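Everything below concerns the one structure shown next.
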Amino acid sequence: SYELTLSIVFNSSIDILLVQEPRIFSELNKRIIKKYPSFKYFSPVNTFENTPRVMTYVRRGVGLRITQKHLLPQEDEVTNDLLFLVI
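Given below as structure tokens:
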């Protein structure tokens, strides 16, 4: 359903998708997020040792300039909940 959602968003010309509680697949002790070639994803954590509780997908090639800001220490529990982006 995650891939279907990204496909629907792509076909609807939506440029930014905000996802709460994204699905993270566990495979051989690695965390894997679903990727879609037309979107760049942003996560509040650098590694998936701690599951992010939010995720943002931004459509590639539409001229949006997105910068991610890390305003909290990565060790902070709240880090998994907050994603700071400058558009």
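My numbering applies: residue 5 is where the sequence shown begins, and numbers increase by one.
By construction, the Cβ of each residue, glycine as well, lies at the ideal position given by its N, Cα and C atoms.
The structure presented is a predicted model; accordingly, all values stated were derived computationally and were not measured.
Assumed close pair residue i, residue j - CB separation to whole angstroms, cut-off 8 Å
i   : j   : result
V58 : I20 : Wrong, their Cβ atoms sit about 13 Å apart, outside the cutoff.
I28 : T55 : 5 Å
Y40 : T60 : Not a contact, Cβ separation roughly 13 Å.
V49 : T83 : 6 Å
F86 : L76 : Before going further, note that residue 86 is Leu rather than Phe in the sequence given. Indeed they touch by this definition, with Cβ atoms about 7 Å apart.
The beta strand (DSSP E) enclosing residue i, as first and last residue numbers
i   : result
L89 : 88-90
Where are the beta strand (DSSP E) runs, 3 residues long or more, that stay fully inside the segment 6-81, in chain order? 20-24, 28-31, 34-37, 43-46, 58-63, 71-73
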